[in-house]
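Protein chains: 2
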Amino acid sequence: MTLTAFEILRSSSLPILLEQEIERVILGGQFSPGDHLNEKELALRFGISRGPVREALRSLEASGLVDQVPNRGFFVRRLSASEASNVYDVRSVLFGLAGKLLAERITGDGIERLKQLMADMDAAVLADDFRLYVKLNFALHEFIVAASGNEVLAHQYLTLVKQLKLYRTHSLMLGEAMHASHCEHQVMVDAIAARDPAAAFEAHFKHVEAAKGRLTSATTNLV
Amino acid sequence: MTLTAFEILRSSSLPILLEQEIERVILGGQFSPGDHLNEKELALRFGISRGPVREALRSLEASGLVDQVPNRGFFVRRLSASEASNVYDVRSVLFGLAGKLLAERITGDGIERLKQLMADMDAAVLADDFRLYVKLNFALHEFIVAASGNEVLAHQYLTLVKQLKLYRTHSLMLGEAMHASHCEHQVMVDAIAARDPAAAFEAHFKHVEAAKGRLTSATTNLV
DNA sequence: CTGCGATAAATTGTTGACAATAAGCAATCT
DNA sequence: AGATTGCTTATTGTCAACAATTTATCGCAG
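What follows is the structure, encoded as structure tokens:
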């Protein structure tokens, strides 16, 4: 226990820890898009000085979670509808690629893991447990992307997902959407289990595009 | 003229300018992958203090050009063969998406621009002017990605291209490779001009995959 | 001559202070 | 009343110094 804390402190410098913490606070909703991030306040909050805070904010800027305007400071990024649409389109091909790569390399254990996740989601859908479904959905996506074996892809994908969390209407997902999403997952997993890269790309790509469509229809005048 | 300088100074803070400058120096080859970046030295070089230098390095870290190891500093990123391969794979789908999007929205003027670039490259190939070809090649890629209208895509794509510049064997391209590349470009441009999104995706995707293949065959034991 | 250990130098990590810029506010003028 | 100017306050931008850590150097024993 004491070792872990030590290791964490050792492996990660202050700005890196800060970056994770500020990211957590932003994505957790404590700040809203457009909000100003006061450097002194953040420094005070974590009991450190402004230097490391600024470094952390620079990293967050590069990953698209905050914007900087000179002499005015850092602000939580505000994602317009068209920007969110752009993010979705990029995310679609990245996820398609993840599906394709995974179909080429998945092991028997991997297939088992996928089927287990699907079974859990089946249960969540039947129980109409939306909260659980969202959690499992994220786990499924994360597993696919991580198991694809391409770290560049995984990193980019997760960055985009974080950016999309800034787009508030995100959680407007209803029962029918959950059902549709689940069906698409089944097609994805089948293609992977069949080790069919082309079909996997198609299924994964379409899944994200469909998710974008569901979001679009939930809001008005997207794009 | 005076206005532009004013505007630049106004819109860009020191760390942002520094980031561009350090990036230029790294990609220009003044530093090699694995090289240590001395903060004091960099600060001295630009006549400023270490604070802004560290902020700039944090940004470069997030864009994958430098790595940081705690208490040891920043180093120019060293891209392994398998990492380069991963970058290529992601770049392939991004470029495919760019081609698809451009095919959906290109204007008559845009098609003219593409044909002009192709004509120039024709001349470069005939003259066996490798240097000119590389330059036009980059211009073509940049135009396609920028004209796709998806800024997220453009940003990610350019980031990956920069990362690949860290992979030295990059410039091992010979006469035959130039010819093959040129033929692939023709297929791409035809698909865009025909406003055929699916064909454009395919052509653009395969072009980058082929480029990866040419690089692979030039080196030994890639991946 | 080589390997080891202690000391010295260099480098990074962090801080607090100061300068420059922007935002808030009150008094004045039209 | 509304706009404008000037002042006050808050915030960001930058710096130089100090603490902590790592790297280099040198002496020394085997």
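One line per chain: the protein sequences are A and B, in this order. Numbering-wise (the UniProt record's numbering), the first sequence opens with residue 1 and increments by one. Numbering-wise (the UniProt record's numbering), the second sequence opens with residue 1 and increments by one. The C-beta atom is built at its ideal place from N, Cα and C for all residues, glycine as well.
Three or more beta-carbon pairs separated by less than 8 angstroms link the segment 20-33 of chain A to the segment 65-84 of chain A, which places the two stretches in contact. Neighbours of residue 153(B) in chain A, taken as residues at a C-beta separation under 8 angstroms, are given in chain order as 86, 89 and 90.
For residue 47(A), no beta strand (DSSP E) segment is defined, and its DSSP state is neither H nor E.
In this structure, the CA atom of residue 202(A) is about 28 angstroms from the CA atom of residue 168(A). With distances taken between CA atoms, residue 54(B) lies nearest to 39(B) out of 138(B), 39(B) and 102(B). Here the C-alpha atom of residue 75(A) lies approximately 9 angstroms from the C-alpha atom of residue 32(A). Counting C-beta pairs closer than 8 angstroms gives fewer than three between the segment 119-127 of chain A and the segment 72-90 of chain A, which falls short of the contact rule. Sequence-distant Cβ neighbours of residue 195(B) in its own chain, meaning closer than 6 angstroms and more than five residues away, are 103.
Counting only the Cα atoms, residue 128(B) lies some 32 angstroms from residue 82(B). When the beta-carbon positions are compared, residue 145(A) and residue 154(A) come within less than 7 angstroms of each other.
Three or more Cβ pairs closer than 8 angstroms define a contact, and the segment 98-117 of chain A falls short of that threshold against the segment 157-167 of chain B. In the DSSP assignment, the residues bridged to residue 67(A) are 75(A).
At a cut-off of 7 angstroms between beta-carbon atoms, residue 62(A) makes contact with chain B. Scanning its chain for C-beta atoms nearer than 7 angstroms, with the 5 sequence neighbours on each side dropped, one finds around residue 27(B) the residues 162 and 165, in chain order.
Pairing residue 43(A) with residue 49(A) gives a Cβ-Cβ distance under 7 angstroms. For residue 130(A) and residue 73(B), the gap between their C-alpha atoms comes out near 46 angstroms. Collapsing the DSSP output to three states places residue 101(B) in a helix. Ranked by how close their Cα comes to the Cα of residue 176(B), the residues 148(B), 197(B) and 211(B) have 211(B) in first place. Within chain A, 86, 89 and 90 have C-beta atoms less than 8 angstroms from the C-beta of residue 150(B), given in sequence order. Close partners of residue 51(B) in chain A (Cβ separation under 7 angstroms): 51. With distances taken between CA atoms, residue 141(B) lies nearest to 117(B) out of 126(B), 152(B), 117(B) and 125(B).
Taking 7 angstroms as the CB threshold, residue 105(A) stays off the interface with chain B. The alpha-carbon of residue 85(A) is positioned some 17 angstroms away from that of residue 95(B). Counting the other Cβ atoms within 10 Å of the Cβ of residue 36(A) gives fewer than 16, which makes it exposed. Around the beta carbon of residue 152(A), a 10 Å sphere encloses 16 or more other beta carbons of the protein chains shown; the residue is thus reported as buried.
Of the candidates 197(A), 70(A), 89(A) and 52(A), the residue whose Cα lies closest to the Cα of residue 157(A) is 89(A). In the DSSP annotation of this structure, the continuous segment of the alpha helix (DSSP H) that includes residue 120(B) starts and ends at 108-126. For the C-beta of residue 96(A), the chain B residues within less than 8 angstroms are, from N- to C-terminus, 93.
Contact annotation for residue 33(A) against chain B: no contact, minimum CB-CB distance about 16 angstroms [criterion: below 9 angstroms].
Annotation for residue 80(A): no alpha helix (DSSP H) segment contains it, and DSSP assigns it neither H nor E. By the rule that beta-carbons nearer than 7 angstroms mark a contact, residue 55(B) touches chain A.
Secondary structure at residue 166(A): coil, using DSSP grouped into helix, strand and coil.
Counting every other CB atom within 10 Å of its CB across the protein chains shown gives residue 147(B) a total of 16 or more, marking it as buried.
One alpha carbon belongs to residue 205(A), the other to residue 47(B), and they sit about 49 angstroms apart. Restricting attention to 70(B), 125(B), 17(B) and 193(B), the CA atom closest to the CA of residue 109(B) is found in 193(B).
Each residue's CA atom was taken as its position, placing residue 179(A) and residue 189(B) some 41 angstroms apart.
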